[in-house]
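Since the structure comes first, as structure tokens, the remarks are kept for the end.
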Amino acid sequence: MFKICKTFRFEAAHHLPITNGKCKNVHGHNYKVKVYIEAETPHQYGPDTGMIFDFHVLDKIAKNAFLKIYDHKNLNEIQVFRDSVPLVELTEQDKLLYPTAELIAADIFLRMKHELSKLNELCCSIFYNLDAIRVYENDDCWAEYSE
Ligand SMILES: [Zn+2]
3 MFKICKTFRF EAAHHLPITN GKCKNVHGHN YKVKVYIEAE TPHQYGPDTG
53 MIFDFHVLDK IAKNAFLKIY DHKNLNEIQV FRDSVPLVEL TEQDKLLYPT
103 AELIAADIFL RMKHELSKLN ELCCSIFYNL DAIRVYENDD CWAEYSE
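Numbered per this note's numbering, the sequence shown finishes at 149, counting up by one with no gaps.
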């Protein structure tokens, strides 16, 4: 199995109303997102020979899938968090979703998985699997989502 990873960055505000502590207040992060994609073998022919994914193509996909939605936004106002649409299985008391690093990772995972599934339908030579999405709020703290 081969795996690639590319790091993306966005800046955004959020607040976590139900937590104890200073994260209740609106504040910002310079978020970092690592996208991990794997495939059994690299491309055997064509312009991507020897690679599983062209990093420049990944830039375009990430921009459409989540960067344009997340960058320079108040994350609490993004629809998935504003409307409390459940993305992952949550217990009853967790029905209200706030833009924690964990749930941002889950949301980005679903958005990227959707884009990769479209590519998999177009390209039959290799199969791209989204391995994980890791979201950093800062250098020391990250959360990851995978299936
Ligand atoms: Zn925060």
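The beta carbon of each residue, even a glycine, is placed where N, CA and C say it ideally should be.
Classify residue i as buried or exposed, calling it buried when 16 or more other Cβ atoms lie within 10 Å of its own Cβ.
| i | result |
| --- | --- |
| P49 | exposed |
| H31 | buried |
| Y100 | buried |
| Y33 | buried |
| G52 | exposed |
| I63 | buried |
| L132 | buried |
For residue i and residue j, which I take to be in contact (beta-carbon distance under 8 Å), what is that distance rounded to the nearest angstrom?
| i | j | result |
| --- | --- | --- |
| T35 | I110 | Note that residue 35 corresponds to Val in the displayed sequence, not to Thr. Between I110 and V35 the Cβ distance is about 6 Å, and since that is below 8 Å, they are a contact. |
| A134 | S119 | Not a contact, Cβ separation roughly 16 Å. |
| N160 | H17 | Since the first residue of the chain shown is 3 and the last is 149, residue 160 is not available in this structure. |
| E13 | D73 | 7 Å |
| I128 | E42 | 7 Å |
Quick check on residue i: does DSSP put it in helix, strand or coil?
| i | result |
| --- | --- |
| F55 | coil |
| Y38 | strand |
| V28 | coil |
| L132 | strand |
| I20 | coil |
| Y100 | coil |
Original post:
Any residues whose CB sits closer than 7 Å to a heavy atom of ligand 1? List them in chain order?
Top reply: H16, L18, C25, H29, H31, E139
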